[in-house]
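Per our numbering, the sequence shown runs over residues -2 to 176. The beta-carbon is built from N, C-alpha and C at its ideal position, and this holds for glycine as well.
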Amino acid sequence: MKPAIFHLLMGVTIMSAILTQRPVVQETVIEAIAFPLSYLRAPQPKTFHHSIDVYLKDSNATGNIYFARHFEWQGICRERWFFECISADMLQSLGVFITKEAQQQYVCETFAFQKIACEVNTFAIKQCSFSLAFRFLVDGKLVATGQQQIVFANKEKKISRLPEHILEKIRQYEVEKGE
-2 MKPAIFHLLM
8 GVTIMSAILT
18 QRPVVQETVI
28 EAIAFPLSYL
38 RAPQPKTFHH
48 SIDVYLKDSN
58 ATGNIYFARH
68 FEWQGICRER
78 WFFECISADM
88 LQSLGVFITK
98 EAQQQYVCET
108 FAFQKIACEV
118 NTFAIKQCSF
128 SLAFRFLVDG
138 KLVATGQQQI
148 VFANKEKKIS
158 RLPEHILEKI
168 RQYEVEKGE
């Protein structure tokens, strides 16, 4: 996008009526470049989006979704994010990702036949680990949040540094904790 250029005219009156019958005016042309606000903001992180269909099998007799399904959704969204955004082979040639910790907070009930929108971001990125933040929404309304701490282990199952090219991909989705 090419920035717009504005020309500003500034008039300055110097010693008007005392020396001459006509005021003396000096015109100065100043060129100012207007940039869109996006030039001033830091680049926004990417957010991964995935949609989950919910069926009767996911619910109890009253149609409420079983709370354990939210952890399944975390797993589904995590695997899809790894596959689409990080590495299609899930880095099996280099090592494995291990979920060290997982949490889920329920905000409100979900029901059969709702479409669950999941948003995934990263935070707390370190040399050997990072965390995933999950937001689950129905029609734009937050219904649950969750997070997982992921650790990278080499083929010998020893915790090791994440490859730099993978860290770069993970950082593209990074937000501040709590966003």
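(message) With DSSP as the reference, identify every bridge partner of R132, one or two as the case may be.
(response) E116, T142
(message) Taking only three categories from DSSP, how would you classify F127?
(response) strand
(message) In whole angstroms, give me the CA-to-CA distance for Y63 and A141.
(response) 13 Å
(request) Examine the Cβ distances between the segment 97 to 113 and the segment 61 to 75 and report whether three or more of them are shorter than 8 Å. (result) yes
(message) Based on DSSP bridge pairs, tell me the residues matched to H67.
(response) Partner(s): none; H67 has no beta bridge.
(message) With a threshold of 8 Å between beta-carbons, can H46 be considered close to chain B, or not?
(response) The structure shown contains no chain B, having only a single protein chain.
(message) Quick check: the Cα distance between H162 and D50, rounded to an integer number of angstroms?
(response) 33 Å
(request) Look at the Cβ atom of G60, then the Cβ atom of S157, and state whether they are nearer than 8 Å. (result) no
(request) Name the residue from A99, C125, K112 whose alpha carbon lies nearest to the alpha carbon of N151. (result) C125
(request) Assuming A109 and D55 form a contact by the criterion Cβ under 8 Å, report the distance between their Cβ atoms to the nearest whole angstrom. (result) 7 Å
(message) Please report the distance separating the alpha-carbon of D226 from that of F131.
(response) Lying outside -2 to 176, the shown extent of the chain, residue 226 is not represented and no answer is given.
(message) Using a 10 Å radius around the Cβ and a threshold of 16 neighbouring Cβ atoms, would you call L139 buried or exposed?
(response) exposed
(message) Between the alpha carbons of L164 and R77, how many angstroms are there, rounded?
(response) 17 Å
(request) Can you check DSSP and say which residues form a bridge with A61? (result) The displayed chain sequence assigns Asn, not Ala, to residue 61. BP columns for N61 point to F108.
(request) Could you tell me which residues DSSP puts in a beta bridge with E171? (result) T119
(request) Can you have a look at F80 and say buried or exposed, based on whether 16 or more other CB atoms are within 10 angstroms of its CB? (result) exposed
(message) Is it buried or exposed, Y170, if we count other Cβ atoms within 10 angstroms and call 16 or more buried?
(response) buried
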